[in-house]
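> A single structure is presented below for examination.
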Amino acid sequence: MFKDTGHENAYFPLFIPESFMKKEAEHVKGFAPECAVVTHGGGKKLDESLMIRPTSETIIWSMYKNWIQSYRDLPILINQWANVVRWEMRTRLFLRTTEFLWQEGHTAHASDAEAEEETLKILKIYTKFAEEYMAIPVIQGLKTENEKFAGAVRTYCIEAMMQDKKALQAGTSHNLGQNFAKAFDVKFQDVDEKNKYVYATSWGVSTRLIGAIIMTHGDDKGIIMPPKLAPTQVVVIPITKGDEERNKILEFVEQMTISWNGKFSFKVDDRDGYRPGWKFNEWEQQGVPLRLEIGPRDFEKNQVMMARRDTGEKTPIPIEELTDTIESTLDAIQLALYKRALENREQNFFVVDDYSEFKTKIEDPGGFFWAHWCGKGECEEQLQEETKATIRAIPLDNPHKEDGKCLICGEASKERVVVAKAY
RNA sequence: CGGGGCGUGGCGCAGCACGGCUAGCGCGCCUGCUUUGGGAGCAGGAGGUCCCGAGUUCAAAUCUCGGCGCCCCGACCA
């Protein structure tokens, strides 16, 4: 899915000269406070400090300057897999770590329209990945001025609701306009022979998504992997007594699995020394979507027991229907996880028009709120200060595009936005 | 940076206010036997600078002083 977009993988340096970072005013303002800075190297103080990339716009733009002269050089579509460092005041496992791994896309275009198209195209890909692969429903939207990426013209995002009803930003796609082009003086000569600044985008998703999967689908038994992403989709647990029976059943399993390669991923857990119950728990903890148990009783009846990780449901399946049933059940689990997450979100999504009512409800029961907002930054800041909640997104295809009054100041508002507490 | 808590075999903890047997428990690990359809039982065993340093004392995991480290809660953020 990602590879069909025409982007090429590339890699840029980890260390960014401080002067690069400083070129785009908003960018440095946003990121400088959270940068790790290398001041010494080889036992000496450096003439110029090196920042460890918090993101790679600046180092990449320093190269674009050399690469771009003509409209014929555009578009440039680059993707980088990299670790980045942001010195957050407070870390949270998976969701906010000092170092994290991500992919960052960086593109350059000849027109504003093309850049905007790219920004939205990627947002849609992220949405598809979140919903169809991670089974996490997301809201696509625009970030407010306060929340947008430092240096962007517009930031789009996908927002998800975790099981504790808090919001998690699962991905972002930025239209950078000509901001970085101007900062790095990157111009191209267009068909009309005029020199113009390049239009750009950047976008990324990170290892935070692992946290999103855990917090969206997980239960008291552990993680639940959506089938499409599960490294192991099916685990087979033979249940045997004595060597003779063991050999018989293992051979049966061998026969059973012979046609599975290429259809789905599986493991046969024939470890000796662990009892079946122990194995059940272990694989459940790791989130394997389907478990097959096969013991003497099943052997007799020419069937296996199939257990779903998401519901715990156990069903005997005749051996001749097994392969098909596994495939259809994996699909069913994928859909069920999505549906369950979506229902959870819908049940905790409220329309609110009264600020004091909102203040109560955001604490208990919590959730996402459709609220009118006038568009002023001051109202947004007041909201955050007084309630700890933030405007998560101004949704695209907003189902609540209706006139109303700002939840905070009462002034006119043309649509509702999504308000929630966030990670 | 502010507020709270913690540091004891691999992991989780008890012991510490009132100093004193060989530092104990659960899990895990090793060996053997019995087991195997939801985290097995019994028996035996290995494994410890009690965070570091100094001090008090006949005697310190325990008391005193000084360090170091970690976790949680609040101010920034994919």
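To convert, take the position in the first sequence, counting from 1, and add 2; that gives the working numbering. No residue lacks a Cβ here, since even glycine has one placed at the ideal position from N, Cα and C.
Can you give me the C-alpha to C-alpha distance between F360 and A172, rounded to a whole angstrom?
Within the first sequence, numbered from 1, the residue matching residue 360 stands at position 358. Within the first sequence, numbered from 1, the residue matching residue 172 stands at position 170. If I take the Cα positions, the gap works out to 25 Å.
> Excluding the five sequence neighbours on either side, which residues of its own chain have a C-beta within less than 6 Å of the C-beta of N85, listed in chain order?
Here residue 85 refers to the residue found at position 83 when the first sequence is read from its first residue. These residues qualify, in order along the chain: E101 and L103.
> Over the uninterrupted beta strand (DSSP E) stretch that includes Y158, give me the two end residues.
The residue you call residue 158 lines up with position 156 of the first sequence. Where Y158 is concerned, the enclosing beta strand (DSSP E) stretches over R156 to M163.
> Based on the DSSP output, what are the partners of K25 in its beta bridges?
Looking up residue 25 in the first sequence gives position 23. BP columns for K25 are empty, so no partner.
> Please report the residue range of the alpha helix (DSSP H) in which K250 lies.
Taking the first residue of the first sequence as 1, we reach residue 250 at position 248. It spans G244 to T259 - the alpha helix (DSSP H) in which K250 sits, taken as one unbroken run.
> At which residues does the beta strand (DSSP E) containing D222 begin and terminate?
Translated into the one-based positions of the first sequence, residue 222 becomes position 220. Neither: D222 is in no beta strand (DSSP E) and is coded neither H nor E.
> Any idea which residues DSSP pairs Q384 with across the strands?
Locating residue 384 in the first sequence gives position 382, where the first residue counts as 1. Looking at the DSSP assignment, Q384 forms no beta bridge with any residue, so it has no partner.
> Would you tell me roughly how many angstroms separate the C-alpha atoms of K407 and S415, rounded to the nearest one?
Counting from one through the first sequence, the residue named residue 407 turns up at place 405. Counting from one through the first sequence, the residue named residue 415 turns up at place 413. If you take the alpha carbons of K407 and S415, they lie about 5 Å apart.
> Note the first and the last residue of the continuous alpha helix (DSSP H) segment covering L332.
As a first step, residue 332 is located in the first sequence; it is residue number 330 there, counting from the start. Per DSSP, L332 belongs to the alpha helix (DSSP H) from L324 to Q349.
> Specify the secondary structure class of Q191 as computed by DSSP and reduced to three states.
Within the first sequence, numbered from 1, the residue matching residue 191 stands at position 189. In the structure shown, Q191 sits in a strand (DSSP, three-state: E or B).
> Residues in its own chain within less than 7 Å of Y357 by CB, not counting five upstream and five downstream?
For the purposes of this step, residue 357 is taken as the residue at position 355 of the first sequence. Taken in chain order, the residues that qualify are L409 and I410.
> Using alpha carbons as the reference points, say which of K223, D221, R311 and R88 lies closest to L294.
Residue mapping note: residue 294 aligns to position 292 of the first sequence, counting from 1. Residue R311 is the option with its Cα nearest to L294.
> What do you get for H219, buried or exposed, if any count of 16 or more other CB atoms within 10 angstroms of its CB means buried?
Within the first sequence, residue 219 is the residue found at index 217, counting from 1. Its Cβ being crowded by 16 or more others within 10 Å, H219 is buried.
> For S261, which residues of its own chain have a beta-carbon under 7 Å away from its beta-carbon, when the five flanking residues on both sides are left out?
The residue given as residue 261 occupies position 259 in the first sequence. The residues are T325.
> Return yes when the Cβ of E413 is within less than 8 Å of the Cβ of K403, no when it is not.
By 1-based counting over the first sequence, the position of residue 403 is 401. By 1-based counting over the first sequence, the position of residue 413 is 411. Cβ distance not < 8 Å, so K403 and E413 don't count as in contact.
> Assuming K153 and T174 are in contact, meaning their beta carbons sit under 8 Å apart, how far apart are those beta carbons, in whole angstroms?
Taking the first sequence and counting its residues from 1, one reaches residue 153 at position 151. Taking the first sequence and counting its residues from 1, one reaches residue 174 at position 172. Lys is not the amino acid found at residue 153; the sequence shown has Gly there. 12 Å between Cβ atoms; not a contact.
> Please work out which residues of its chain come closer than 6 Å, Cβ to Cβ, to W83, disregarding the five sequence neighbours upstream and downstream, and give them in chain order.
In the first sequence, residue 83 corresponds to position 81, counting from 1. So the qualifying residues of the chain are Q105.
> Beta-carbon separation of T41 and S51 under 8 Å?
In the first sequence, the residue the question calls residue 41 occupies position 39. In the first sequence, the residue the question calls residue 51 occupies position 49. It is a contact, given that the beta carbons lie within the stated cut-off.
> Secondary structure at A172, three-state DSSP: helix, strand or coil?
Locating residue 172 in the first sequence gives position 170, counting from the first residue. Correct three-state label for A172: strand.
> Indicate the three-state DSSP secondary structure (helix, strand or coil) for I80 in the structure shown.
Walking along the first sequence from the start, residue 80 turns up at place 78. Correct three-state label for I80: strand.
> Given 8 Å as the limit, is there contact between the segment 363-381 and the segment 346-355, that is, 3 or more CB pairs closer than that?
Yes: at least three Cβ pairs fall under 8 Å.
> Alpha carbon to alpha carbon, how far is L170 from A214? Give it in angstroms, no decimals.
The residue you call residue 214 lines up with position 212 of the first sequence. The residue you call residue 170 lines up with position 168 of the first sequence. Each residue's Cα considered, the two are about 7 Å apart.
> P139 and H111 - do their beta-carbons sit closer together than 8 Å?
Taking the first residue of the first sequence as position 1, residue 111 is located at position 109. Taking the first residue of the first sequence as position 1, residue 139 is located at position 137. Contact flag unset, no.
> How many Å lie between Y13 and K167 at the Cα?
Translated into positions along the first sequence, residue 13 becomes position 11. Translated into positions along the first sequence, residue 167 becomes position 165. Rounded to the nearest angstrom, the two C-alpha atoms are 37 Å apart.
> Which of helix, strand or coil does DSSP assign to N304?
Position 302 of the first sequence, counting from 1, holds the residue named residue 304. Here N304 sits in coil by DSSP.
> Would you kindly work out how many angstroms separate the C-alpha atoms of G179 and S267, rounded to a whole number?
Indexing the first sequence from 1 puts residue 179 at position 177. Indexing the first sequence from 1 puts residue 267 at position 265. Using only the alpha carbons, I get a separation of about 44 Å.
> Please report how far the alpha carbon of L125 lies from the alpha carbon of N283, in whole angstroms.
Along the first sequence, read from residue 1 onward, the residue named residue 125 stands at position 123. Along the first sequence, read from residue 1 onward, the residue named residue 283 stands at position 281. For L125 and N283, the distance between alpha carbons rounds to 37 Å.
> Report the option in F22, E149 and K5 whose CA atom is closest to the CA atom of G379.
Numbered from 1 along the first sequence, position 377 holds the residue referred to as residue 379. Measuring from the Cα of G379, the nearest candidate turns out to be E149.
> Between T121 and Y66, which are expected to be in contact by the criterion C-beta below 8 Å, what is the C-beta distance as a whole number of angstroms?
Within the first sequence, residue 121 is the residue found at index 119, counting from 1. Within the first sequence, residue 66 is the residue found at index 64, counting from 1. Contact doesn't hold; Cβ gap of about 17 Å is too wide.
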